[in-house]
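Protein chains in written order, with our numbering: chain A, 10 to 704; chain B, 579 to 681.
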């Protein structure tokens, strides 16, 4: 079991990682808006928090290193240093080192580079006018501001809240930091310490009354408490008899910092720790969440068995309990799924740094625009999106976006754009990466594919099929391999990762105008609402989010359509796909079949089944390697009676039916025999059929 | 970090060693409660202690107050290490909550 110290360190790491992401975003914004004082304040506060917390949790090197950056941004916010691209780049490079220091001891792959750190510090000190011989750590360095302006006395009262020490904060460290701002007299008050028996040993009952003689303003003093101010009572007032009119004094002394600090200074500089919005969020290890969702999945499966049993027994009392449990399970499932849903913002935002660095390295002007950052999707999907997005962006930056002179020659805006988009579409989420670059030369792709023997020289390929070649292993049209891309590895990684997420990739490109790559991914990888249907003795699940309605298909309807697979739905002709033909299921045809109308990206389609059995909560199980080539199935689920039902992917099923129809192969795809066989698996996965043809 | 408890008929002796902080506060409270409830005098030794945090100080302060109220002896054995007394003064504690034992 981890010790308290280890737990605090881990908490600090997690918090610092989030702060680093925010810092990176703020720095990149600052690069575009150098005069934005709020951004300067955000960077300063982030660095200050990392430094202060770092020192407290034993990351001394990290704290000392960060102190120098904090000093630089203190100079910026006090108007003594200008923001420029050198400071931004140095700070970004420093963040990489801080990140490495943070992960040291936590199994980090890349340790901090001491030489790079030293170089960064030398350059930062040159910018701030400090010398290398100046001590860097908090222990010896009073804040720069402490030496400027008239010295005033401040009365400070600091009462830690109940949980301040539990999150690893040491009040004594804060006092030590305060002492660096000037002369400090401290008196500890023990008035709140209860009798020994009632005393919670992990809570701080001591409060401090202090008088600080310093030249810094109220906000600089508040900065010392910046990362505990929501966990304490704090008041900072000019001391009576300090000889200066408090209002005027504060106004003058804090003039330079006012723009940054005003929102926090409101309310007389007093904060209480018992705000109603405290403890509105909770940090939970991802593994615990995964375990929770797994258990909910098991519960859903057992509940399905109970429902089946209740239906079979025809006992009203069991049926009532079963329905109640079904309702509760459904709520629990929805809630657990919601807990896993995260906005994609953080994933998108971290690419600002990649675009910034690559643009600098490639000598291109590129801006990253983001749309739909609040779109939520399953944590597991988000975790696996970073790599594919990184490869797509690198590819766009290197191959898609033209050099400045070529853009100018084509009359394009000098600054190119990479646009990241996320939006929901039914049970899927669409993630788009588009650029306004040169577009893809489809003929070059085709020639290269022929050259590599991937397609026959006389093959007739649609544009979509041609672009799909880009995702073949080792495929690249780049004439030279660069540090960024050109080895033909990245796009293969994209395809593999998207496949593993049961997603699809769509590429659209207009020569000279740009390229757009859209990843369609399932919203969740765990549990979905489904509609259970049967064809012969096989059961299938259609995702409920895609289905629109169910209509009957009689033999007379079929005859009226002259053998064409279309239905007339209130005057609208809708093509349909007979699952029994598609999956080669040879059982007697019922008199009346059912058409499930489904909305897909390619339009509205009908899926013809024998019976609609009803809706069901579907715990998605992976089919494993044996069925990995069967693209029309996105997984399997275990029904209440223990049998297996395949979960169909309507998008791919429709696309596949269109392709087979075009090739005249509808209903005779040998590969789908495997699907028919799998959908007839008995309890425990035992086959009831002898059809075992693999796809 | 660490602490020891030695008892005889008349006295409980608690030795504090190395760092005594929030991670050992519950243990320290248990020792203090046990010693005081026995109604015997309590001696605290800081000779092996390197650092006391606020949780340790407030526990000792509360125990001393309780002992005084009950008329039980609660004293420090030996001198307060310089590193600890300096840190306590910096933190605004005018004096250590326990008086030194007369030699």
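Backbone N, C-alpha and C fix where the C-beta goes; we use that ideal spot for every residue, glycine too.
The C-beta of residue 615 of chain B has fewer than 16 other C-beta atoms within 10 Å across all chains shown, which makes the residue exposed. When C-beta atoms of the segment 323 to 335 of chain A are compared with those of the segment 518 to 525 of chain A, fewer than three pairs fall below 8 Å, so the two segments do not count as touching.
Two segments are said to touch when three or more pairs of C-beta atoms, one from each, lie closer than 8 Å; by this definition the segment 544 to 559 of chain A does not touch the segment 467 to 476 of chain A. Close partners of residue 603 of chain B in chain A (Cβ separation under 8 Å): 210 and 211. A distance below 8 Å between beta-carbons, with the five flanking residues on each side excluded, links residue 104 of chain A to the following residues of its chain, in chain order: 29, 32, 33 and 36. Distance from the CA of residue 122 of chain A to the CA of residue 128 of chain A, rounded to the nearest whole angstrom, comes to 10 Å. Think of a sphere of 7 Å around the beta carbon of residue 197 of chain A: the chain B residues whose beta carbon falls inside it are 669, 670 and 671, in chain order.
The straight-line gap separating the alpha-carbon atoms of residue 389 of chain A and residue 21 of chain A is approximately 23 Å.
If you draw a straight line from the Cα of residue 193 of chain A to the Cα of residue 238 of chain A, it comes to about 20 Å.
Taking every protein chain shown into account, the CB of residue 124 of chain A has fewer than 16 other CB atoms within 10 angstroms, so this residue is exposed.
Residue 225 of chain A sits in coil when the DSSP states are folded into three classes, being neither helix nor strand. Annotation: the continuous alpha helix (DSSP H) that includes residue 326 of chain A extends over 325 to 349. Within 10 angstroms of the beta-carbon of residue 201 of chain A lie fewer than 16 other beta-carbons, which makes it exposed. Using a Cβ-Cβ distance cut-off of 8 Å, the segment 291 to 301 of chain A and the segment 615 to 623 of chain A are not in contact, since fewer than three pairs of beta carbons, one from each stretch, lie closer than that value. Residue 598 of chain B and residue 619 of chain B do not touch by the CB rule: their CB atoms are close to 21 Å apart, not below 8 Å.
Take the alpha-carbon of residue 677 of chain B and the one of residue 165 of chain A: they are about 29 Å apart. DSSP places residue 91 of chain A in the coil class of the three-state scheme, outside both helix and strand. By the C-beta density criterion, residue 592 of chain B is buried, having at least 16 other C-beta atoms within 10 angstroms. Residue 574 of chain A sits in coil when the DSSP states are folded into three classes, being neither helix nor strand.
Neighbours of residue 607 of chain B in chain A, taken as residues whose beta carbon is under 8 Å from its own, are 205, 208 and 210 in chain order.
Taking 8 Å as the upper bound for CB-CB distance, residue 339 of chain A and residue 19 of chain A are not in contact here, some 35 Å apart. Listed along chain B are 636, 639 and 640, each with a C-beta nearer than 7 Å to that of residue 202 of chain A.
For residue 171 of chain A, no chain B residue has a Cβ inside 9 Å of its Cβ, as the nearest lies near 13 Å away. The shortest CA-to-CA distance from residue 236 of chain A to any of A/183, A/47, A/395 and A/312 is the one to A/183. Sequence-distant partners of residue 314 of chain A (beyond 5 residues in either direction) whose C-beta falls short of 8 Å from its own C-beta, in its chain, are 649, 650 and 651. The shortest CA-to-CA distance from residue 208 of chain A to any of B/585, B/586, B/644 and B/584 is the one to B/644.
In the three-state reduction of the DSSP assignment, residue 581 of chain B falls in the strand class. Look at the segment 538 to 584 of chain A and you find these whole runs of alpha helix (DSSP H), each 4 residues long or longer: 564 to 569. Looking at the backbone, the Cα of residue 168 of chain A and that of residue 530 of chain A are separated by about 50 Å.
For residue 644 of chain B, the neighbours in chain A by C-beta distance under 9 Å run, in chain order, 204, 205 and 206. With respect to residue 440 of chain A, residue 536 of chain A sits apart: the two C-beta atoms are not nearer than 8 Å.
Distance from the CA of residue 613 of chain B to the CA of residue 205 of chain A, rounded to the nearest whole angstrom, comes to 12 Å.
Unbroken alpha helix (DSSP H) runs of no fewer than 4 residues, entirely contained in the segment 499 to 524 of chain A, are found at 499 to 509, following chain order. Residue 565 of chain A counts as exposed, since fewer than 16 other C-beta atoms from the protein chains shown sit within 10 angstroms of its C-beta.
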